[in-house]
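**Q**
Protein chains: 2
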Amino acid sequence: MTKIKATNITWHEGHVSRDEREGLLKQKGVTIWFTGLSGSGKSTFAYTAEHALVQRGHLAYVLDGDNIRHGLNKNLGFSAEDREENIRRIGEVAKLFADTGVITMTSFISPYVKDRDIVRKLHEAASLPFVEIFVDTPIAVCEERDPKGLYKKARAGEIKGFTGIDDPYEAPPKPELTISAEKTTPQEGALAVIEYLESKGLLPTLAE
Amino acid sequence: MTKIKATNITWHEGHVSRDEREGLLKQKGVTIWFTGLSGSGKSTFAYTAEHALVQRGHLAYVLDGDNIRHGLNKNLGFSAEDREENIRRIGEVAKLFADTGVITMTSFISPYVKDRDIVRKLHEAASLPFVEIFVDTPIAVCEERDPKGLYKKARAGEIKGFTGIDDPYEAPPKPELTISAEKTTPQEGALAVIEYLESKGLLPTLAE
């Protein structure tokens, strides 16, 4: 190690450890994976949690269709192969974010157990916490909400292979949390996320 | 906006702005793109800068072959098409990191002007700063260093299409910074990066 007086920096070789970044941020890097049907409320829960976390001084970021499908994964379609690659890439990016110390939330239908389990194992292999949240809003409610008009198109046959209509949604057998837009307000959902992170020591509890 | 008394959180709709995260971190999100030959010292400069930044209390992260080639881009080879897709994906991920407010450094040979310019434009379109650093170490020095023994293999014909040997390296016509492992120590290089960020208002200057 060399000291350069002008800047008072101690020079190190090699990578900064995750611990150092987490110490700086006073939080643990984690991937919080929201899964559920289209219109189930995944993004609303994720963005509400993001706001609450940032307001508490924590660095949180949401990966969703808006910033992934038009960017990193814009060269992927909706074939079985492309759906798998879509989730694989999102999982890898979430892992990098979590390694940076960010409270990373992903909001994708991610309908297949197999693909989600690959992402979980990827995190476990890197000793990174992975929190799967099942947004278990009944399909009738999702279809009633239909914020993007997609169920209407799927019912009219204009979209093929739509999850819940003519493509399966595989519910997580053992999610860390289950919430539902039918029973949980966005605020209650965000609080449930924060309380979960606190209970696992991933977030410091607020001083009274 | 709703107040929930128990947690004292003001609830918002929609996305947290980049400004809010940058305010939290007391820094600006930026992508610092190191480009240069194999063995030119890109990663050493990037990791030294990362250490210096984290020691100053700033969140920095390096994307390089270690965490990208074995993860996100493990399904890519070295064909012209795959090299282009490699840089495209890295550019998209760097953009997401910068949008989170992270001082993001990428360390890849990235030999083609065209591919690097696509990444630059991607950042400009999102009003995110992009700093291209040309690590201009002469090939004779890189080959002498040959930290991974790759030049030896390329000269022996065991690796085809090796940048600088039988594949071109296109130097940046207008990089924001130029450094060289021949003339610049890792510490001097890291300081040059920090001073550049300070000069552009991307990093607060240290109190005397």
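Going line by line, the protein sequences match chains S and Y. Per the numbering used here: the first sequence = residues 1 to 208. Per the numbering used here: the second sequence = residues 1001 to 1208. Ideal Cβ placement from N, Cα and C applies to all residues, glycine included.
#1: Using a Cβ-Cβ distance under 7 Å, would Leu72 of chain S count as near chain Y?
#2: Over the uninterrupted beta strand (DSSP E) stretch that includes Ala210 of chain S, give me the two end residues.
#3: I'd like the ranges of any alpha helix (DSSP H) spanning at least 4 consecutive residues and lying wholly in the stretch 1067 to 1143 of chain Y.
#4: Would Val193 of chain S pass as an interface residue toward chain Y - the criterion being a Cβ-Cβ separation below 7 Å?
#5: Tell me the residue span of the beta strand (DSSP E) that contains Leu1177 of chain Y.
#6: Identify, in the order they occur along the chain, each residue of the same chain with its Cβ nearer than 6 Å to the Cβ of Leu203 of chain S, setting aside the five sequence neighbours on each side.
#7: At a cut of 8 Å, does the stretch 100 to 108 of chain S reach the stretch 38 to 54 of chain S through at least three beta carbon pairs?
#8: Skipping 5 residues on each side, what residues in its chain have a beta carbon closer than 7 Å to that of Leu76 of chain S?
#9: So, is Thr1205 of chain Y buried or exposed, given that buried needs 16 or more other C-beta atoms within 10 angstroms?
#10: Under a Cβ-count criterion, where at least 16 other Cβ atoms within 10 Å of its own Cβ denotes burial, should Asp1019 of chain Y be classed as buried or exposed?
#11: Secondary structure at Val1016 of chain Y, three-state DSSP: helix, strand or coil?
#12: Who pairs with Thr1184 of chain Y in a beta bridge, going by DSSP?
#13: Suppose you measure from the CA of Lys200 of chain S to the CA of Val131 of chain S; what does that come to, to the nearest Å?
#14: Classify His1070 of chain Y as buried or exposed, calling it buried when 16 or more other Cβ atoms lie within 10 Å of its own Cβ.
#15: Applying the 10 Å Cβ sphere with the 16-neighbour rule, what's the burial state of Val1113 of chain Y?
#16: Taking Gly1161 of chain Y and Val1102 of chain Y to be in contact with their CB atoms under 8 Å, please state how far apart those CB atoms are, rounded to whole angstroms.
#17: What runs of the beta strand (DSSP E), each 3 residues or longer, lie entirely inside the stretch 146 to 173 of chain S?
#18: Helix, strand or coil for Thr35 of chain S per DSSP?
#19: Tell me whether the beta-carbon of Leu1177 of chain Y lies closer than 7 Å to the beta-carbon of Ile1133 of chain Y.
#20: Do His15 of chain S and Val1016 of chain Y have their beta-carbon atoms positioned less than 7 Å apart in this structure?
#21: What residues of chain S sit near Arg1021 of chain Y, judged by a beta carbon separation below 8 Å?
#22: What are the residues that DSSP puts in a beta bridge with Val54 of chain S?
#23: To be precise: take each residue of the stretch 39 to 54 of chain S, compare its Cβ to all Cβ atoms of chain Y, and keep it if any distance is under 9 Å. Which residues remain?
#24: Alpha carbon to alpha carbon, how far is Ser1040 of chain Y from Asp99 of chain S?
#25: I believe Pro186 of chain S touches Thr35 of chain S by the beta-carbon criterion, under 8 Å. Please report the beta-carbon distance rounded to the nearest angstrom.
#26: Could you pull out every residue in the same chain whose Cβ sits closer than 8 Å to the Cβ of Lys152 of chain S, ignoring the five residues on either side in sequence?
#27: Listed from N- to C-terminal order along the chain, which residues in the stretch 1147 to 1158 of chain Y have their beta-carbon within a distance smaller than 7 Å of any beta-carbon of chain S?
#28: Using a 10 Å radius around the Cβ and a threshold of 16 neighbouring Cβ atoms, would you call Gly1164 of chain Y buried or exposed?
#29: Starting from the beta carbon of His15 of chain S, find every residue of chain Y whose beta carbon is closer than 8 Å, and list them in chain order.
#30: Is the shortest distance between the beta-carbon of Glu1092 of chain Y and the beta-carbons of chain S less than 7 Å?
#31: For my contact list, Ile1209 of chain Y and Leu1063 of chain Y are in at a C-beta cut-off of 8 Å; report their separation, rounded to the angstrom.
#32: Going by C-alpha to C-alpha distance, which of S:Leu37, S:Val135, S:Ala126 sits closest to Asn1067 of chain Y?
#33: Quick one: list the residues of chain Y neighbouring Val102 of chain S, beta-carbon separation under 7 Å, in chain order.
#34: Return the CA-CA distance between Ala1094 of chain Y and Thr1031 of chain Y, expressed in angstroms with no decimal places.
#35: Count the other CB atoms within 10 Å of the CB of Gly1023 of chain Y; is the residue buried (16 or more) or exposed (fewer)?
**A** Straight from the coordinates:
#1: Closer than 7 Å to some Cβ of chain Y, the Cβ of Leu72 of chain S qualifies, so yes.
#2: Because chain S is modelled from 1 through 208, residue 210 of chain S falls outside the range shown and cannot be assessed.
#3: 1080 to 1100, 1113 to 1125
#4: no
#5: 1177 to 1179
#6: So the qualifying residues of the chain are Gln27, Leu197.
#7: yes
#8: Asp82, Glu85, Asn86
#9: exposed
#10: exposed
#11: coil
#12: Partner(s): none; Thr1184 of chain Y has no beta bridge.
#13: 10 Å
#14: exposed
#15: exposed
#16: About 32 Å; that fails the 8 Å criterion.
#17: none
#18: strand
#19: yes
#20: Going by C-beta atoms, Val1016 of chain Y is not nearer than 7 Å to His15 of chain S.
#21: Val54, Leu59, Tyr61
#22: DSSP output for Val54 of chain S lists no bridge partner at all.
#23: Thr44, Tyr47, Thr48, Glu50, His51, Ala52, Leu53, Val54
#24: 26 Å
#25: Incorrect: roughly 17 Å between the Cβ atoms, too far for contact.
#26: Asp146
#27: none
#28: buried
#29: Within 8 Å Cβ-Cβ: Tyr1047, Glu1050, Val1062.
#30: yes
#31: Residue numbering for chain Y in the displayed model covers 1001 to 1208; residue 1209 of chain Y lies beyond these limits and cannot be assessed.
#32: Checking every option, the nearest Cα to that of Asn1067 of chain Y belongs to S:Ala126.
#33: Thr1100
#34: 6 Å
#35: Gly1023 of chain Y comes out exposed.
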